[in-house]
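Number of protein chains: 2
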Amino acid sequence: MTDTSFFQTIYHHPLLKDNDYKAIAEAHTKIDLTPGMLLLEAGKTAREFYAIEQGLCRSFLYDYNGNEITTEYYCPGDILIESFSLFQRIPSNENFQAIPAVTAWKIAYDDFQQLLQTVEGFREWGRNWATHQLFVLKQRSIQAFTVSATDRYLQLIATRPTIVALSPLKYIASYLGITDSSLSRIRKEIAAG
Amino acid sequence: MTDTSFFQTIYHHPLLKDNDYKAIAEAHTKIDLTPGMLLLEAGKTAREFYAIEQGLCRSFLYDYNGNEITTEYYCPGDILIESFSLFQRIPSNENFQAIPAVTAWKIAYDDFQQLLQTVEGFREWGRNWATHQLFVLKQRSIQAFTVSATDRYLQLIATRPTIVALSPLKYIASYLGITDSSLSRIRKEIAAG
DNA sequence: AGCATTTCTTGCCATAGGACAAGTCCACTT
DNA sequence: AAGTGGACTTGTCCTATGGCAAGAAATGCT
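Below you can see the structure in the form of structure tokens.
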């Protein structure tokens, strides 16, 4: 008997029934990642994606000065995917990496397509998810302009504590668009005020 | 005889044939917008989208200080859409507005769905387009962090001259994430250097 | 345990950009 | 033609953040 509870939280959709979750669970393979391990390297093409169960991952790239920029975090319950690379079969711009040890469930592109075609609720979930991603990305790029670095950090603490708990500060700093020195001062300021 | 040349450039995809373009053209209605006219107001739900033929549109919203922020521009050849509002049938966060007089082609949600279901090449085009949008948005949010305001402005001049030609500078300033005063100084600096 | 490496903090100074206010220029109205 | 309002520029001052370098703390390795 397969335990589908994890997949029920990840692929949550009212149309999905017990049988569907069984099929979904069977399409995934559990993997364990050691700290710092890369799931996908820039320049390579994605062939699968991942549902994160435990730990924390990030995506990052290098800016025009050669500085590492963390572009996104993937917490337990999140989907880690480079959709542009996976669906268009082109090389990824970004690297994807486990930060501490990570437990995740991998699904290959073909198996994913199979589920999309055979499971209606899964298709619906996929559409919702993609739309939501676009929405989140949009919100974030608006916030980059309209919210101070301090407030963005406070918001991160409030809304995604896993990141603050498990990620080195220098990754968080680049995610917030500031240097690690600046983040250090912001933290001092917060602790004082 | 319908002239489909405009739609051939907008909905460009190798699978689309002459007949498809005829169907696409017939699903659109030409509209003329006067300067400043709103296509969609924040709080209302989108029921259609637009292909811009002439002029320039923008989307904007108000930040937490009540400042108007221009979030995107739509040039001739671009699709103007609030996909989250249109597909999820929820109110838009943003306003969409013609800047000078604009000529555009409107397509209702239902007619769009109809095309998606009946025309394979259109479906393919749609997928490519959505992926590309996500990519562009991602690139832009990375640039907001990694490129200076001056360089972002220079890049805008180089890659999207229509915007610089037709948009008031204060809109451009907020699009770049700076004040109109700062943009004014940047322009002075560029003119001098 | 002891050393090396990385991570984080801190100090000093430089700079980009913001806030506010005044001034100029231009288009549109009447 | 005069008046009005919007768009853009400019001045002054201020603040947030960056760059660099040194120190402190934590982590990992042998």
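Residue numbers (the working numbering), protein chains in the order written: chain E, 3 to 195; chain Z, 3 to 195. Backbone N, C-alpha and C define an ideal beta-carbon position, used for all residues, glycine too. Keep in mind it's a predicted model, so treat the numbers as computed, not measured.
What are the residues of the segment 53 to 71 of chain Z that lie near chain E, defined by any Cβ-Cβ distance shorter than 9 Å? So the close ones are LEU63, ASP65, TYR66, ASN67, ASN69, ILE71.
When you compare the segment 181 to 193 of chain E with the segment 90 to 103 of chain E, are there three or more beta-carbon pairs, one atom per stretch, that lie closer than 8 Å? Counting Cβ pairs under 8 Å, fewer than three are found: no touch.
Within chain Z, the residues that ALA146(E) reaches when beta carbons sit closer than 8 Å: Listed along the chain, the chain Z residues whose CB falls inside 8 Å of the CB of ALA146(E) are SER143, ALA146, PHE147, GLY179.
DSSP three-state call for SER61(E): helix, strand or coil? Judged by DSSP in its simplified three-state form, SER61(E) adopts strand.
Let's test the definition: count the other Cβ atoms within 10 Å of the Cβ of ASN69(Z) and tell me whether it reaches 16, buried, or not, exposed. Exposed is the call here.
Can you name the residues of chain E whose CB is closer than 7 Å to the CB of LYS140(Z)? Within chain E, the residues whose beta carbon sits less than 7 Å from that of LYS140(Z) are LEU139, listed in sequence order.
Residues of the segment 36 to 47 of chain Z with a CB closer than 7 Å to any CB of chain E: list them in chain order, please. So the list is empty, because no residue satisfies the distance condition.
Between ALA53(E) and ALA106(E), how many whole angstroms is the CB-CB distance? I'm expecting something under 8 Å. That belief holds up - the Cβ atoms of ALA53(E) and ALA106(E) are roughly 6 Å apart, short of 8 Å.
Check distances from the C-beta atoms of the segment 125 to 138 of chain Z to those of chain E and list, in chain order, the residues that come in under 9 Å. Within the segment 125 to 138 of chain Z, ARG129, ASN130, ALA132, THR133, HIS134, GLN135, LEU136, PHE137 place their CB atoms closer than 9 Å to a CB of chain E, listed in sequence order.
Please name the residue, chosen from TYR64(E), LEU117(E), TYR66(E), that lies closest to LYS24(E) on a Cα-to-Cα basis. Residue LEU117(E) is the option with its Cα nearest to LYS24(E).
Locate the alpha helix (DSSP H) running through LYS46(E), then write down its first and last residues. Membership of LYS46(E) in any alpha helix (DSSP H) is not indicated, and neither H nor E is assigned to it by DSSP.
From CYS59(Z), LEU58(Z), PHE9(Z), PHE51(Z), pick the residue whose C-alpha is nearest to that of PHE114(Z); which is it? Nearest C-alpha to PHE114(Z): PHE51(Z).
Helix, strand or coil: which one does DSSP assign to LEU40(E)? Note: LEU40(E) maps to strand in three-state DSSP.
Just curious, the beta strand (DSSP E) that ALA110(Z) is in, first and last residue? Run containing ALA110(Z): 104 to 110, per the beta strand (DSSP E) assignment.
Using the Cβ count rule (16 or more neighbours within 10 Å means buried), how would you classify GLU84(Z)? In the assembly as shown, GLU84(Z) is a buried residue. Its beta-carbon has 16 or more other beta-carbons within 10 Å.
Quick test of your reading: SER169(Z) and TYR75(Z), contact by CB under 8 Å. State the CB separation rounded to the nearest angstrom. In this structure SER169(Z) touches TYR75(Z) by the C-beta definition: roughly 7 Å separates them, less than 8 Å.
Rounded C-alpha distance that separates THR73(Z) from ALA132(E): A straight line joining the alpha-carbon of THR73(Z) with that of ALA132(E) spans about 20 Å.
Member of ILE165(Z), ASP112(Z), ILE188(Z) whose CA lies at the smallest distance from the CA of GLY57(Z): Nearest neighbour of GLY57(Z) by Cα position, chosen from ILE165(Z), ASP112(Z), ILE188(Z), turns out to be ILE165(Z).
Would you check if the distance between the CB atom of LEU178(E) and the CB atom of ASN97(E) is smaller than 8 Å? It is not a contact, given that the beta carbons lie outside the stated cut-off.
Which of helix, strand or coil does DSSP assign to GLU74(E)? If DSSP states are grouped into helix, strand and coil, GLU74(E) belongs with the strands.
According to DSSP, which residues form a beta bridge with THR31(Z)? Beta-bridge pairing by DSSP links THR31(Z) to LYS108(Z).
Anyone know if the C-beta pair for PHE188(E) and ALA151(E) falls short of 8 Å? The amino acid occupying residue 188(E) in the given sequence is Ile; Phe does not appear at that position. Yes. Within cutoff.
Per-residue DSSP class, three states only, for ILE83(Z): Looking at ILE83(Z) - three-state DSSP - the assignment turns out to be coil, as it is neither helix nor strand.
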